[in-house]
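Just below is one structure, and these are the notes that go with it.
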Amino acid sequence: MWSFVRIIQYQTVRYDILPLSTISRNRLNTVKRKILVLDLDETLIHSHHDGVLRPTVRPGTPPDFILKVVIDKHPVRFFVHKRPHVDFFLEVVSQWYELVVFTASMEIYGSAVADKLDNNKGFLKRRYYRQHCTLDSGSYIKDLSVVHDDLSSIVILDNSPGAYRSHPGKTRPDFRAV
Numbered sequence: 001m002w003s004f005v006r007i008i009q010y011q012t013v014r015y016d017i018l019p020l021s022t023i024s025r026n027r028l029n030t031v032k033r034k035i036l037v038l039d040l041d042e043t044l045i046h047s048h049h050d051g052v053l054r055p056t057v058r059p060g061t062p063p064d065f066i067l068k069v070v071i072d073k074h075p076v077r078f079f080v081h082k083r084p085h086v087d088f089f090l091e092v093v094s095q096w097y098e099l100v101v102f103t104a105s106m107e108i109y110g111s112a113v114a115d116k117l118d119n120n121k122g123f124l125k126r127r128y129y130r131q132h133c134t135l136d137s138g139s140y141i142k143d144l145s146v147v148h149d150d151l152s153s154i155v156i157l158d159n160s161p162g163a164y165r166s167h168p169g170k171t172r173p174d175f176r177a178v
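Heads up: the sequence shown begins at 1 in UniProt numbering, then just goes up one per residue.
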């Protein structure tokens, strides 16, 4: 009888980022880049605040960073867990797309998370927050026209397709952020 044991809990994964070929680099310089719109919560990161643990984070898992923000005159600590390999993902796709953050989170929180993810690399220059959304029946709707007037140049990565319901066809309803 065979038995399998889960041996690796945490292992460093090493990636080699190969430089783009001259042809690819020249092509990217001559064509207009598509815009990749990225959501934060439950797409690039998981977070929870003081005393509230999310089911998306295994208990006991240390956060990648802790943010301290003041919301309505109350200090709140957010424990932020980056998705596995998100740093590598951002570094690679930033070569191909203009990366834009669009979150329904408040700017004080969203900008702090985006700053940490960007890590002074300049990947996430354009950012849109809750004030750029429309509140509709208790849900925040993200209007892509604030990002770019040519919607055909926009690709979205967001765990909540309902956030873009004013732009049917721009999201994949079967996307599951894992």
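Here a beta-carbon is modelled for each residue, glycine too, at the ideal position from N, C-alpha and C. Here the structure is a predicted model, which is why all the values come from computation and not from measurement.
Item to check | DSSP three-state assignment for A58, whether helix, strand or coil | outcome: Along the sequence shown, one-based indexing puts residue 58 at 58. Looking at the sequence itself, residue 58 is Arg, so the reference to Ala does not match. Three-state DSSP puts R58 in coil, outside helix and strand.
Checklist entry - Applying the criterion that 16 or more other CB atoms from any shown protein chain within 10 Å of the CB defines a buried residue, is R127 buried or exposed? => result Position 127 of the sequence shown, counted from the first residue, corresponds to residue 127. Burial call: buried.
Next on the checklist: With the cut-off set at 9 Å, would you say F78 and S47 are in Cβ contact?
Outcome noted: As a working mapping, residue 78 is identified with position 78 in the sequence shown. As a working mapping, residue 47 is identified with position 47 in the sequence shown. Result yes, Cβ atoms of F78 and S47 sit closer than 9 Å.
Item to check | Residue from S94, S145, L44 whose Cα sits closest to the Cα of V86 | outcome: Along the sequence shown, read from residue 1 onward, the residue named residue 86 stands at position 86. Measuring from the Cα of V86, the nearest candidate turns out to be L44.
Checklist entry - If we ignore side chains and look at the alpha-carbon of each, how far apart do I154 and V69 end up? => result Counted from its first residue, the sequence shown places residue 154 at position 154. Counted from its first residue, the sequence shown places residue 69 at position 69. If you take the alpha carbons of I154 and V69, they lie about 31 Å apart.
Item to check | Neighbourhood of K116 by C-beta distance below 6 Å, restricted to the same chain and skipping five residues each side | outcome: As a working note, residue 116 is residue 116 in the sequence shown. Around K116: F65.
Next on the checklist: Helix, strand or coil for E98? Go by DSSP, reduced to three states.
Outcome noted: The residue you call residue 98 lines up with position 98 of the sequence shown. It is a strand residue.
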